[in-house]
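Trainee: Listed in order, the protein sequences are those of chains R and W. In this text, residue positions in the first sequence follow the numbering used here: the first is 10, and each later residue adds one. In this text, residue positions in the second sequence follow the numbering used here: the first is 3, and each later residue adds one.
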Amino acid sequence: MKRIIARLDIKLNKLIKGIHLEGWRLLGDPSPFFLDYYKQGIDELIYIDAVASLYSRSSMKELVAATTRDVFVPLTVGGGIRTLEDAYEMLRSGADKIAVNTGAVKNPSLIDEIATKFGSQCMVLSVQAKRRRQGEWKVCYDSAREQTERDVVDWITEAVDRGAGEILLTSIDQDGTAKGFDLDLARSVFETVDVPVVLSGGFGEADDFVKASKFADGIAIARQLHFKKVTVDEIKRQARMNGIKVRLDES
Amino acid sequence: MEKVAKQVLHGLPKQVIFCKKCVISNQRPSTQREFKKQNSDIDTVGFGDDGICDTCRWFEYKNTKIDWNQREKELMDLCNRFRRSDGRFDVIVPASGGKDSIYVAYMLKHTYNMNPLTVTWAPHMYTNVGWRNLNHMIDSGLDNLKVTPNGKVHRMLTKLAFENLVNPFQPFIIGQKNVAPRAALQYDVPLIMYGENQAEAHNRFEENLSPLMDIKHFSVKSSEDDLYFGGIHVSELGKYGIQDKEMFYYKPLLEDQIRSRNVEVHYFSYYKNWSPQENYYYAKENTGFESNPDGRSEGTYSKFASLDDRIDGQHYYTMFIKFGQGRAMNDANRDIRDGFISREEAVDLVNKYDGEFPKMYFQEVLEYMGISEARYWEVIDKARSPHLWEKSGDSWRLKYPTC
Chain R
10 MKRIIARLDI
20 KLNKLIKGIH
30 LEGWRLLGDP
40 SPFFLDYYKQ
50 GIDELIYIDA
60 VASLYSRSSM
70 KELVAATTRD
80 VFVPLTVGGG
90 IRTLEDAYEM
100 LRSGADKIAV
110 NTGAVKNPSL
120 IDEIATKFGS
130 QCMVLSVQAK
140 RRRQGEWKVC
150 YDSAREQTER
160 DVVDWITEAV
170 DRGAGEILLT
180 SIDQDGTAKG
190 FDLDLARSVF
200 ETVDVPVVLS
210 GGFGEADDFV
220 KASKFADGIA
230 IARQLHFKKV
240 TVDEIKRQAR
250 MNGIKVRLDE
260 S
Chain W
3 MEKVAKQVLH
13 GLPKQVIFCK
23 KCVISNQRPS
33 TQREFKKQNS
43 DIDTVGFGDD
53 GICDTCRWFE
63 YKNTKIDWNQ
73 REKELMDLCN
83 RFRRSDGRFD
93 VIVPASGGKD
103 SIYVAYMLKH
113 TYNMNPLTVT
123 WAPHMYTNVG
133 WRNLNHMIDS
143 GLDNLKVTPN
153 GKVHRMLTKL
163 AFENLVNPFQ
173 PFIIGQKNVA
183 PRAALQYDVP
193 LIMYGENQAE
203 AHNRFEENLS
213 PLMDIKHFSV
223 KSSEDDLYFG
233 GIHVSELGKY
243 GIQDKEMFYY
253 KPLLEDQIRS
263 RNVEVHYFSY
273 YKNWSPQENY
283 YYAKENTGFE
293 SNPDGRSEGT
303 YSKFASLDDR
313 IDGQHYYTMF
323 IKFGQGRAMN
333 DANRDIRDGF
343 ISREEAVDLV
353 NKYDGEFPKM
363 YFQEVLEYMG
373 ISEARYWEVI
383 DKARSPHLWE
393 KSGDSWRLKY
403 PTC
């Protein structure tokens, strides 16, 4: 079963969208968006607070609580998770999984702590990958403002050893372009680790899901859903036509 | 009086005030004629009695009082007046290949059916991404004329501008203002279209009300006018190994040349609601424009502005030293006025990133100017005005952090 996930990048309780994680457009109150995606039959939601690392503060908890009142699909929340307490508070607000990027890059043992305390199933490693040359990606953090020399595949391997139970893999180069996923990146990671990989950055049309499903367990879509260029149903129909198993709408 | 003079450098206001709407302070310089500067003294951005800077006042006006449909008609009329159908260029667009110049040139060509010639004044030292972006612009279907100054002269002028004015960027600014009018005369194209009116960022309110750039920024009345480059009178440059004939691209034009050929210099930001972020989107959609592949630029949080010159970081850093306002503040002010961030966010961003030392190209910049690191810090520390800076232990800190 392959998953279709709506990704909402959040800034101070507003939905935003950029290109290459930059030049964020304010799209407004996130609630009509997540309600719509839920009605459309989305499998999961991912919220990333894009500025939590930047400002060292977050107002995500209220949004998470508001979402889980009306929406009953798994919700992953990330952005600004630095400590076990941060993770705990987000889970208590209603998140099902915690995505960690900056916090884990700076302090890898945070992965062990979260996985030990709450279980690997809720420890999602969020990775922002910047392509350097053919077959080589480096780890970035803080919404791709900061780059490291760490190799993406190495880092993910280490994180899975430490207990990460899922990978949210974002291609900075493809993000916001609607030009398709970075399938080379997906393949490199997918063939290395045996935890679920969710691919993010570049979704353009339903067929991109079909292509990605070979190298990912799920895809995250932002722009094309926010701008109503595609519906969940359209993607699922295309998937079924290509023999890819997806969750059927209960109705 | 002597005491006051020692307390405050660069002709800055003695008391530091931050705008209540954005985070600009009254120490921010406004645009002046660079080739008249004999020292680092500057004029500063205007502030009202209500503690609001002229720039924010301008944005409030811009967001409520301008009829953009009317401006669109004015732009159509302007293009109709200058458009040619005989194959010659009909508009000069000063262009670096950055997001803003791509927006202006590409839109004039495709939306307004003009035939633009983009004109580039080369940076001191191209970054890799800056060079690629220039080529992305050309590859998107735009003609380009690039003028690259004599490297020996440009280095010396950069050194002089750094040592005397603490502004290593001055030779670029001077040449950039002249290069489009020169091309206009040479190619007989009487319309020049700049992007953003600099007044939108840091000049007097009134300067925004006209679509035209004052020709005083690139011309003088007489060839006998006193000119200064890097703070040195033009007649003295021989002492630094620069011959008069090597100053062609730096010397301003003569007013009569401009007027007799009816050259008009317009700002696109008069006709269009200018937004760097929207320009980024436009450049991404229409050309291969790349944001900074290294992540955020040093000294700020942004990734898409001012990318093409290895000396850019020093341009902003020297501003931070002289005026207490660096690159992050520059970006944050713009983002506040465009409604992308709140003032509180801006304060956080500025305190986090402003004044971060641009180390990536530091050694190259020193080599370029031919000065030692010790000399560099001597110039920098001397430029710290005592009313802005204090030393605690071995490190300097601003007396008035952004708040």
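Ideal Cβ placement from N, Cα and C applies to all residues, glycine included.
Note down, in chain order, each residue of its chain lying with its Cβ closer than 7 Å to the Cβ of Arg246/R, except the 5 sequence neighbours on either side.
Mentor: Residue 246/R sits at position 237 when you count from the first residue of the first sequence. The answer is none, since no qualifying residue turns up.
Trainee: Which residue comes first and which comes last in the beta strand (DSSP E) that contains Asn65/W?
Mentor: Within the second sequence, residue 65/W is the residue found at index 63, counting from 1. Here Asn65/W belongs to no beta strand (DSSP E); instead the alpha helix (DSSP H) covers 56-67.
Trainee: Can you check whether the C-beta of Phe207/W is within less than 7 Å of a C-beta belonging to chain R?
Mentor: The count along the second sequence starts at 1 and reaches residue 207/W at position 205. No, Phe207/W does not count as interfacial toward chain R.
Trainee: Note down, in chain order, all residues in the region 340-353 of chain W with a beta-carbon under 9 Å from any beta-carbon belonging to chain R.
Mentor: The residues in question are Gly341, Phe342, Ile343, Ser344, Glu346, Glu347, Asp350, Leu351.
Trainee: Below 7 Å between beta carbons: does that hold for Lys101/W and Phe291/W?
Mentor: Counting from 1 along the second sequence, the entry for residue 101/W is found at position 99. Counting from 1 along the second sequence, the entry for residue 291/W is found at position 289. Contact: yes.
Trainee: Please list the terminal residues of the continuous beta strand (DSSP E) segment that includes Ala15/R.
Mentor: Here residue 15/R corresponds to residue number 6 of the first sequence, with the count starting at 1. Element bounds for Ala15/R: 12-20.
Trainee: I think Leu256/W touches Ser293/W, with their Cβ atoms under 8 Å apart; what is that distance to the nearest whole Å?
Mentor: Within the second sequence, residue 256/W is the residue found at index 254, counting from 1. Within the second sequence, residue 293/W is the residue found at index 291, counting from 1. The Cβ separation is near 40 Å, so there is no contact.
Trainee: For Ile228/R, which option in Arg249/R, Ala195/R, Ala124/R, Phe236/R has the closest C-alpha, if you only look at C-alpha atoms?
Mentor: Stepping through the first sequence from its first residue, residue 228/R is reached at position 219. Cα-wise, what sits closest to Ile228/R is Ala195/R.
Trainee: Counting only C-beta atoms, is Gly100/W closer than 7 Å to chain R at any point?
Mentor: Translated into positions along the second sequence, residue 100/W becomes position 98. Closer than 7 Å: no.
Trainee: Go to Ile175/W, then tell me how far its alpha helix (DSSP H) extends in each direction, as first and last residue.
Mentor: To locate residue 175/W, count along the second sequence from 1; it is residue 173. Its alpha helix (DSSP H) spans residues 172-188.
Trainee: Does Ser271/W pass the burial test, meaning 16 or more other C-beta atoms within 10 Å, or should it be called exposed?
Mentor: Walking along the second sequence from the start, residue 271/W turns up at place 269. By the neighbour-count rule (16 or more Cβ atoms within 10 Å), Ser271/W is buried.
Trainee: Is Met132/R helix, strand or coil by DSSP?
Mentor: Taking the first residue of the first sequence as position 1, residue 132/R is located at position 123. Residue state, collapsed to three classes: strand.
Trainee: Looking at C-alpha atoms only, which residue of Lys64/W, Asn65/W, Ser32/W, Asn28/W is the closest neighbour of Asp52/W?
Mentor: Position 50 of the second sequence, counted from the start, is the residue given in the question as residue 52/W. Comparing Cα positions, the closest option is Asn28/W.
Trainee: Keeping to the same chain, check which residues put their C-beta closer than 6 Å to that of Asp182/R; ignore five residues upstream and five downstream.
Mentor: If you number the first sequence from 1, residue 182/R lands on position 173. Once the five neighbours on either side are set aside, the close Cβ partners of Asp182/R are Arg140.
Trainee: When you compare the region 59-78 of chain W with the region 152-170 of chain W, are there three or more beta-carbon pairs, one atom per stretch, that lie closer than 8 Å?
Mentor: The region 59-78 of chain W vs the region 152-170 of chain W: no contact.
Trainee: Where does Met116/W fall in DSSP's three states?
Mentor: Translated into positions along the second sequence, residue 116/W becomes position 114. Three-state DSSP puts Met116/W in coil, outside helix and strand.
Trainee: Under 7 Å, Cβ to Cβ, is there at least one residue of chain R near Gly297/W?
Mentor: Along the second sequence, one-based indexing puts residue 297/W at 295. Chain R, which has a Cβ nearer than 7 Å to the Cβ of Gly297/W, makes this yes.
Trainee: Among residues of its own chain, excluding the 5 on either side of Arg9/R, which ones have a beta-carbon nearer than 8 Å to its beta-carbon?
Mentor: Outside the displayed span of chain R (10 to 260) sits residue 9/R, for which this structure offers no information.
Trainee: To the nearest angstrom, report how far apart Gly89/W and Thr76/R are at their CA atoms.
Mentor: Stepping through the second sequence from its first residue, residue 89/W is reached at position 87. Stepping through the first sequence from its first residue, residue 76/R is reached at position 67. Cα to Cα, Gly89/W sits roughly 59 Å from Thr76/R.
Trainee: Measuring only the C-alpha atoms, how far is Leu136/W from Ser98/W?
Mentor: Looking up residue 136/W in the second sequence gives position 134. Looking up residue 98/W in the second sequence gives position 96. Those two C-alpha atoms are separated by around 6 Å.
Trainee: Whole angstroms are fine: how far does the CA of Ser304/W sit from the CA of Glu280/W?
Mentor: Residue numbering aside, residue 280/W sits at position 278 when the second sequence is read from its first letter. Residue numbering aside, residue 304/W sits at position 302 when the second sequence is read from its first letter. Looking at the two C-alpha atoms, the distance is approximately 14 Å.
Trainee: Would you kindly work out how many angstroms separate the C-alpha atoms of Arg101/R and Ala74/R, rounded to a whole number?
Mentor: Within the first sequence, numbered from 1, the residue matching residue 101/R stands at position 92. Within the first sequence, numbered from 1, the residue matching residue 74/R stands at position 65. In a straight line, the C-alpha of Arg101/R is about 9 Å away from that of Ala74/R.
Trainee: Can you confirm whether the region 211-225 of chain W touches the region 146-158 of chain W when touching is taken to mean that 3 or more C-beta pairs between the two stretches lie within less than 8 Å?
Mentor: Because the criterion of three Cβ pairs below 8 Å is not met, the region 146-158 of chain W and the region 211-225 of chain W do not touch.
Trainee: Suppose the cutoff is 8 Å on Cβ atoms and the five residues either side in sequence are ignored; what does the same chain contact list for Leu119/W look like?
Mentor: Locating residue 119/W in the second sequence gives position 117, counting from the first residue. Same-chain partners within the cutoff: Phe91, Val93, Ile94, Val95, Asp145, Asn146, Leu147, Ala185, Tyr189, Val191.
Trainee: Look at the alpha carbon of Met331/W and the alpha carbon of Pro403/W, and state the distance between them as a whole number of angstroms.
Mentor: Along the second sequence, one-based indexing puts residue 331/W at 329. Along the second sequence, one-based indexing puts residue 403/W at 401. Cα to Cα, Met331/W sits roughly 12 Å from Pro403/W.
Trainee: Considering Lys245/R, what are the terminal residues of the alpha helix (DSSP H) in which it resides?
Mentor: If you number the first sequence from 1, residue 245/R lands on position 236. Residues 241-250.
Trainee: The region 301-312 of chain W: which residues have C-beta closer than 7 Å to a C-beta of chain R, in chain order?
Mentor: So the list reads Tyr303, Lys305, Phe306, given in the order they occur along the chain.
Trainee: Anything in chain W within Cβ reach of His29/R, meaning under 9 Å, just list it in chain order.
Mentor: Indexing the first sequence from 1 puts residue 29/R at position 20. Correct list: Lys286, Glu292, Ser293, Lys305, Phe306.
Trainee: Interface residues of chain R around Tyr282/W at Cβ under 8 Å?
Mentor: Numbered from its first residue, the second sequence carries residue 282/W at position 280. Under the 8 Å cutoff, chain R gives Ile28, Glu31, Gly32.
Trainee: Specify whether the region 144-154 of chain R and the region 106-126 of chain R touch according to this definition: at least 3 beta carbon pairs, one from each stretch, less than 8 Å apart.
Mentor: Touching, per the Cβ criterion.
Trainee: Could you run through the region 142-173 of chain R and flag, in chain order, every residue whose CB is less than 7 Å away from some CB of chain W?
Mentor: Here the close residues are Cys149, Ala153, Arg154, Glu155, Gln156.
Trainee: Within 10 angstroms of the Cβ of Asp396/W, are there 16 or more other Cβ atoms? Answer buried if so, exposed if not.
Mentor: Taking the first residue of the second sequence as 1, we reach residue 396/W at position 394. Exposed, because fewer than 16 other Cβ atoms sit within 10 Å of the Cβ of Asp396/W.
Trainee: In whole angstroms, what is the alpha-carbon distance linking Lys238/R and Gly213/R?
Mentor: As a working mapping, residue 238/R is identified with position 229 in the first sequence. As a working mapping, residue 213/R is identified with position 204 in the first sequence. Cα-Cα distance, rounded: 8 Å.
Trainee: Using CA coordinates, which residue listed in Ser32/W, Asp227/W, Cys21/W is at the minimum distance from Ile338/W?
Mentor: Here residue 338/W refers to the residue found at position 336 when the second sequence is read from its first residue. Closest option to Ile338/W, Cα to Cα, is Cys21/W.
Trainee: Quick one, which residues of the region 52-85 of chain W are near chain R if we go by CB-CB under 7 Å, in chain order?
Mentor: Going along the region 52-85 of chain W in chain order, one finds no residue with a Cβ nearer than 7 Å to chain R.
Trainee: Just checking my contact of Arg16/R with Ala231/R at CB under 8 Å: how many whole Å lie between their CB atoms?
Mentor: Taking the first residue of the first sequence as position 1, residue 16/R is located at position 7. Taking the first residue of the first sequence as position 1, residue 231/R is located at position 222. Sure, about 4 Å apart at Cβ, within 8 Å.
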